[in-house]
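Novice: Those protein sequences? They're chains A and E, same order as listed. Using our numbering, the letters of the first sequence correspond one by one to residues -7 to 124. Using our numbering, the letters of the second sequence correspond one by one to residues -7 to 124.
There are 2 protein chains.
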Amino acid sequence: MVRFVRAFGLHQPDQTPCGQPIPVSEAHALGELARAGALRQSDLTHRLRLEKSSTSRLVTQLINRGWAERTPAPDDGRGVLVRLTPQGLTAAERLAEARAQRFAGVMNRVPESERADVLRALTILTEAMDEP
Amino acid sequence: MVRFVRAFGLHQPDQTPCGQPIPVSEAHALGELARAGALRQSDLTHRLRLEKSSTSRLVTQLINRGWAERTPAPDDGRGVLVRLTPQGLTAAERLAEARAQRFAGVMNRVPESERADVLRALTILTEAMDEP
DNA sequence: CAGCATGGTTCGACCATACAACCAGATAGT
DNA sequence: ACTATCTGGTTGTATGGTCGAACCATGCTG
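#1: For the beta strand (DSSP E) that contains P64 (chain A), what are its first and last residues?
#2: Name, please, each residue of chain A whose Cβ falls closer than 8 Å to the Cβ of A(-1) (chain E).
#3: At the level of alpha carbons, what is the spacing between A120 (chain E) and E24 (chain E)?
#4: So with Cβ pairs under 8 Å, would you call L22 (chain A) a contact of chain E?
#5: Starting from R49 (chain E), follow the alpha helix (DSSP H) in both directions and report where the run begins and ends.
#6: Quick check: the Cα distance between V(-3) (chain A) and V(-6) (chain E), rounded to an integer number of angstroms?
#7: How is V74 (chain E) classed by DSSP in three states: helix, strand or coil?
#8: Please report the distance separating the alpha-carbon of A21 (chain E) from that of L40 (chain E).
#9: Taking all protein chains shown into account, do 16 or more other C-beta atoms lie within 10 angstroms of the C-beta of S17 (chain E), making it buried, or fewer, making it exposed?
#10: V(-6) (chain E) versus chain A: which residues are under 7 Å apart at the beta carbon?
#11: Does R62 (chain E) come within less than 8 Å of chain A when only Cβ atoms are used?
#12: Who are R32 (chain A)'s beta bridge partners in DSSP?
#13: T47 (chain A): which of E:F95, E:H3 and E:A108 sits nearest, CA to CA?
#14: May I ask you to report which of helix, strand or coil DSSP gives D109 (chain E)?
#15: Which one of E:L31, E:A(-1), E:I14 and E:G58 has the shortest CA to CA distance from H38 (chain A)?
#16: Would you say R101 (chain E) faces chain A, with C-beta separation under 8 Å as the test?
#17: So with Cβ pairs under 8 Å, would you call L36 (chain A) a contact of chain E?
#18: Is the CB of L2 (chain E) under 8 Å away from at least one CB in chain A?
#19: Which of the three DSSP states is assigned to H3 (chain E) in this structure?
#20: Going by beta-carbon coordinates alone, are P64 (chain A) and V72 (chain A) separated by less than 8 Å?
#21: Do you know offhand how far A30 (chain E)'s Cα is from E89 (chain E)'s?
#22: Does any residue of chain A have a CB that is nearer than 8 Å to the CB of L165 (chain E)?
#23: Does V74 (chain A) get closer than 8 Å to chain E when you measure Cβ to Cβ?
#24: Within 10 angstroms of the Cβ of A113 (chain E), are there 16 or more other Cβ atoms? Answer buried if so, exposed if not.
#25: Where does R91 (chain E) land, buried or exposed, given buried means 16+ other C-beta within 10 angstroms?
#26: Establish whether the CB of E106 (chain E) and some CB of chain A are separated by less than 8 Å.
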């Protein structure tokens, strides 16, 4: 595991493992938002497994980049809905692209015959870790 | 991948994913040192994929905990050899124990028939990422 | 309506890392 | 041998990341 983390580059907070020059936390948030369209801030908190304070700060950073905006939640006066701006969306797409490329590069060095297995195993592992 | 990282708890810098109350960086260093016996600081730098300055600080922290000591390298007047103290060794063992437990817990939720595959896949993946 | 729960924000403390500047010992080229 | 360069380490500075506590506003419950 340790080897895996370091080799993948997960220990660098200010750069995604895929070479994009944006902080990994923001990249994660961007990913979730792009996939969901818009999210309650509390939802984002749960998906990223953060503390609400961290999420708050993170969202503010995205806003400062012009990638997201906060609007009041429609059904709860306390809540906040976070939505990507068009620029945020293209940023997310750029990111997805980079991710795909990095992944392709790695998979390229995995023996052809193992690839399906590796992918399946990763999914299983993630699910196994998901619920404790 | 993102899911994996967050689910595993890798985004918390001050606590290992295995529940031990020590910073993950120190845990990684401890692991490498325990496995190697003693390491040149520059070696540690390469294994952890850090910058030499980061390693220097990291080692200092280990020393402050009483887990390691610096001695001059025998064959190079510039170099530094880092060695675990007895306390450092027991700390490393405690850590390995926790790691094993965490891993066992996860594997427990992986269907019996898949376990071997999952393990193999993880190894292959790590190797694939290793050399770019 | 009082009391408690929930969603957010701000603040303070700690951890992790890189890059640049600097020093000392090692090495290579002339 | 002497200088120029390389290599290993240290320290300072800046950026990023996370949590927990204190605090506020809104919602829910009895």
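Built from N, CA and C at the ideal position, the CB exists for glycine as well. Please read these numbers as outputs of a predicted model, since none were measured by experiment.
Specialist: In short, the structure shows the following:
#1: A60 to P64
#2: R41, T118, M121 and D122
#3: Rounded to the nearest angstrom, the two C-alpha atoms are 20 Å apart.
#4: no
#5: K44 to N56
#6: 12 Å
#7: strand
#8: 7 Å
#9: buried
#10: H20 and G23
#11: no
#12: A:L73
#13: E:H3
#14: helix
#15: E:A(-1)
#16: For R101 (chain E), the answer is yes, since a Cβ of chain A falls inside 8 Å of its Cβ.
#17: no
#18: Closer than 8 Å to some Cβ of chain A, the Cβ of L2 (chain E) qualifies, so yes.
#19: coil
#20: yes
#21: One C-alpha to the other measures close to 21 Å.
#22: With chain E represented from -7 up to 124, any question about residue 165 (chain E) goes unanswered, as that position is not in the structure.
#23: For V74 (chain A), the answer is no, since every Cβ of chain E falls outside 8 Å of its Cβ.
#24: buried
#25: buried
#26: yes
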